[in-house]
Amino acid sequence: MIERLNQDASVMIAGHRGYKSAYPENTLLAFREALDLGVDMMEFDLRLSKDGEIMVIHDATVDRTTNGSGAVGDYTCEELKRLDAGGWFGREFAGLQIPTLAELIALLADYPDVLLNVEIKPAANAKQAADLTIALLDETGFLPRAVFTCFDAEVLTYIYDSYGLKTQGFPAELMSGFVYGEGGTYSKMWALGLEMKLLTPERVQEFRELGLLVWSYCPDEPEQVRYSVECGVTGMTCNNPLPALHLRRGMQILTSEIGDRSRW
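Just so we're aligned: the sequence shown equals residues 76 to 339 in the working numbering.
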């Protein structure tokens, strides 16, 4: 299913940690709101709890996005669930929880066409997290919808070599453990993410010549979205998906109108 992006003529739009600009990131509410906007892909981050549960959270600690403190891996799943993962963003969001991957899968079951960008966060147990994640996605039938991301080249290579799955990496200068040359890290990637400050038409072309899909992150303003399209990306991962969705809709209407006139 993820392979459809090789042929899709329209630009893929992903929600970065859900609808991150308007709702507490990596919560079921943020994911639900992004899904209701109509994103094509959901990007989210995974780490293991102390007792081996797959938790959806970006940082290595809970300090920034909850009312707790300390490392994610020092908490059991039950303990993580007691933390408030919404109040930091606004009082109206108080009481939201850190979701498990299983809970996110249950939400996504109602959106069978939505793809998954599964980011395994670098950690000492990242390969174990990848194994458990892949097993759960396979068991629930979600694996064909997924591409796997990591800033640790060793983990990305492990996923590619061990499972033959699609991976998304980043430019060499942003990755740890990057291996250059033939058979190196770029050869393990299917797609590559370029942050806006590194995005140029030349860099997009450079990576496209390696056979990679090139996606930008995070174009959240209309001018950033337009620039991404002008640079030639085929996907955008957005904190605020609305500008990208609006531009794509406008492009589709224009293409349809041109097609209609060509048949006159």
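Quick reminder that beta carbons are idealized off the backbone N, C-alpha and C, glycines included.
query, result
"Under DSSP, the beta strand (DSSP E) around residue 128 begins and ends at which residues?", "Run containing residue 128: none; DSSP gives neither H nor E here."
"Assuming residue 289 contacts residue 304 (C-beta within less than 8 Å), just tell me the rounded distance between them.", "With a Cβ gap of about 12 Å, residue 289 and residue 304 do not count as contacting."
"Specify the secondary structure class of residue 319 as computed by DSSP and reduced to three states.", "helix"
"First and last residue of the beta strand (DSSP E) that includes residue 190?", "190 to 195"
"Does DSSP put residue 180 in a helix, a strand or coil?", "helix"
"Need the endpoints of the beta strand (DSSP E) that residue 221 sits in, please.", "221 to 224"
"Opposite residue 290 in the DSSP bridges: which residues?", "268, 310"
"Could you give the distance in angstroms between the alpha-carbon of residue 233 and the alpha-carbon of residue 201?", "10 Å"
"In the DSSP assignment, find the unbroken beta strand (DSSP E) run with residue 242 in it and report its ends.", "242 to 244"
"Once you ignore the five residues that flank residue 254 on each side, which residues in its own chain have a CB closer than 8 Å to its CB?", "228, 232, 260"
"Pull up the distance between the alpha-carbon of residue 111 and that of residue 318, whole angstroms please.", "15 Å"
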